[in-house]
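A.B. asks:
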Amino acid sequence: MRKTFGAISVAALTAAAVLSAGPPASAAPPSPATAATVIAGGLDNPRGLYVSHGILYFAQAGKGGTGACVTSPEGGQSCLGDTGKISAVRIGDGRHPSRSKVWDLVSGLPSLGAQGTGNSAIGPSDVTVGPHGIVWATVGLAENPAVRSTTLGNSAQARKLATVGTVQCGRYIPRADLGAFEAAHNPDGVTPPDTNPQALVATRDGVLVTDAGGNDLLSVTGRGHVSSKAVFPDLPSVPNPLDPSAPDIAPQAVPDSIVRGPDGAYYIGQLTGFPFVPGTASVWRWVPGHQPTVYASGFTNIIDLAFGPRGDLLVLEIAKDGLTSPNGPVGALIKVPHHGARSTVPTGALFAPGGLAAVGNTVYISDNSILAGQGRILRVHLAG
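When we follow the numbering used here, the leftmost residue of the sequence shown carries the number 18, and every step to the right adds one.
Below, the structure is given as structure tokens:
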């Protein structure tokens, strides 16, 4: 599924391309958002967030390294290293924020980052805390899972790519090989297989994981059993913007976010694939045992979801004007109430935001999520 821009591939520009497409030469990370407070900075490609008992957990995809390399969709090299992390910072109760420093629950995780810069890394993608305080995390890949044993040399680090696991005593312990599942089952039927485990949410016996490369929702039990619960369909075909004479393109769904709603159902956001048509991303609602249905539509390049204190859905867009916009990945946070019109939450400037968590009237956003050494976590207070 993963090819280059020149091949006009649908899958080259799934979640992998979002997280492997650095800022355009004319773009630069904005100054700290005026409506937000920076609570952590100097991070390497920060992604998914989770809050539990006054602690904000977050994934850092790292900055790659000097190991074996794969060719990125843009033609550059993304090289393997051990710079991925699952980190945390105390945030207090919101009303009395903590001034704690960031610490790492585990470091040395695999990371594929742009050669020379470390930007646009693929590595640890998300983190959550399940029953009994068990910390779970995903590690992405955004490739045919076979590259782990071929191009990347079947190293111990390569084998941790495309997995979901737990963090215990400073170690990451893979619990399920989602790359192997994609290679064996390929639920969406697109060949060659492609996998990029992204968001996850804890269940009573394990986690649910969105595979942005495989276009499906996976269930992983505490014993490591994997099953596909839903496959998300392609979008309607659109003209190829790079070659109008070429056949139309059916953008892939690219499910990259999941949250459990106040009604007990699960809500899944989609990035959408190339050519990233603005206004075509949806939030799906899924109840176990049923097929997912569209809950809300008309978004652009969703990257994460959360629910506010009144049950309002919060939708984070990594690029509100679309990922092919000349403005670069300027993000936005959209509030979707039960009744009434949607509104944009004032956050100040966001550059390629990558993760979202909400606690009461406070939200946390990972920003500059495709930059090494410049990532940050923002705190924003919701009005009302």
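For every residue, glycine included, the Cβ atom is placed at its ideal position computed from N, Cα and C. No experiment lies behind these values; they were computed from the predicted model shown.
1) Where in the stretch 145-223 do unbroken runs of the alpha helix (DSSP H), each at least 4 residues long, occur, reported from the N-terminal end onward?
2) Given this structure, state the Cα-to-Cα distance separating residue 201 from residue 265, to the nearest angstrom.
3) Kindly confirm or deny that the stretch 150-170 and the stretch 78-97 touch, where touching means at least three C-beta pairs closer than 8 Å.
4) Taking residue 189 as the reference, which of 127, 311, 361 has the closest Cα?
5) Check this for me: beta carbons of residue 322 and residue 330, under 9 Å apart or not?
6) Between residue 388 and residue 106, what straight-line distance do the alpha-carbon atoms span, to the nearest angstrom?
7) Give the range of the beta strand (DSSP E) segment to which residue 321 is assigned.
8) Hey, residue 178 and residue 146 are a contact pair by Cβ (cut 8 Å); roughly how many whole angstroms apart?
9) Is the beta carbon of residue 152 closer than 9 Å to that of residue 12?
10) Per DSSP, which one or two residues make a beta bridge with residue 15?
11) Comparing alpha-carbon positions, which option in 165, 100, 141 lies nearest residue 134?
12) Helix, strand or coil for residue 121 per DSSP?
13) Beta strand (DSSP E) containing residue 349: first to last residue?
14) Please say whether residue 254 and residue 267 have beta carbons closer to each other than 9 Å?
15) Our contact map puts residue 195 next to residue 212 with C-beta atoms below 8 Å; I'd like the distance itself, whole angstroms only.
16) Apart from the five residues on each side of it in sequence, which residues of its chain come closer than 6 Å, Cβ to Cβ, to residue 336?
17) Just reading off the beta strand (DSSP E) that residue 236 is part of, what are its end residues?
18) Using the rule of at least 16 other Cβ atoms within 10 Å of the residue's Cβ for burial, across every protein chain shown, is residue 259 buried or exposed?
19) Per DSSP, what kind of secondary structure is residue 225 in: helix, strand or coil?
20) Regarding residue 242 and the ligand MN, is the C-beta to nearest heavy atom distance less than 8 Å?
21) Measure the Cβ-Cβ separation of residue 130 and residue 98 and say whether it is below 9 Å.
22) How far does the beta strand (DSSP E) with residue 329 in it reach, from first residue to last?
23) By the DSSP assignment, the beta strand (DSSP E) with residue 247 in it spans what residues?
24) Any idea what DSSP makes of residue 132, helix, strand or coil?
25) Indicate the three-state DSSP secondary structure (helix, strand or coil) for residue 258 in the structure shown.
26) Can you tell me the Cα-Cα spacing of residue 295 and residue 343, whole angstroms?
27) Please state the DSSP three-state secondary structure of residue 59.
28) If distances are taken between C-alpha atoms only, which option among 59, 137, 368 comes closest to residue 119?
C.D. replies: Taking the structure as given:
1) 173-177, 195-202
2) 29 Å
3) yes
4) 127
5) yes
6) 20 Å
7) 319-324
8) Actually they are not in contact, since the Cβ atoms of residue 178 and residue 146 sit about 23 Å apart, beyond 8 Å.
9) Residue 12 is absent from the model: the chain starts at 18 and stops at 401.
10) Given a span of 18 to 401 for the chain in the structure shown, any question on residue 15 remains unanswerable.
11) 100
12) strand
13) 349-353
14) yes
15) 6 Å
16) 318, 346
17) 233-238
18) exposed
19) strand
20) Questions concerning the ligand MN fall outside what the structure shown contains, since it holds no ligand whatsoever.
21) yes
22) Taken as a continuous stretch (DSSP letters only), residue 329 belongs to no beta strand (DSSP E), as it is neither H nor E.
23) 243-248
24) coil
25) coil
26) 13 Å
27) strand
28) 59
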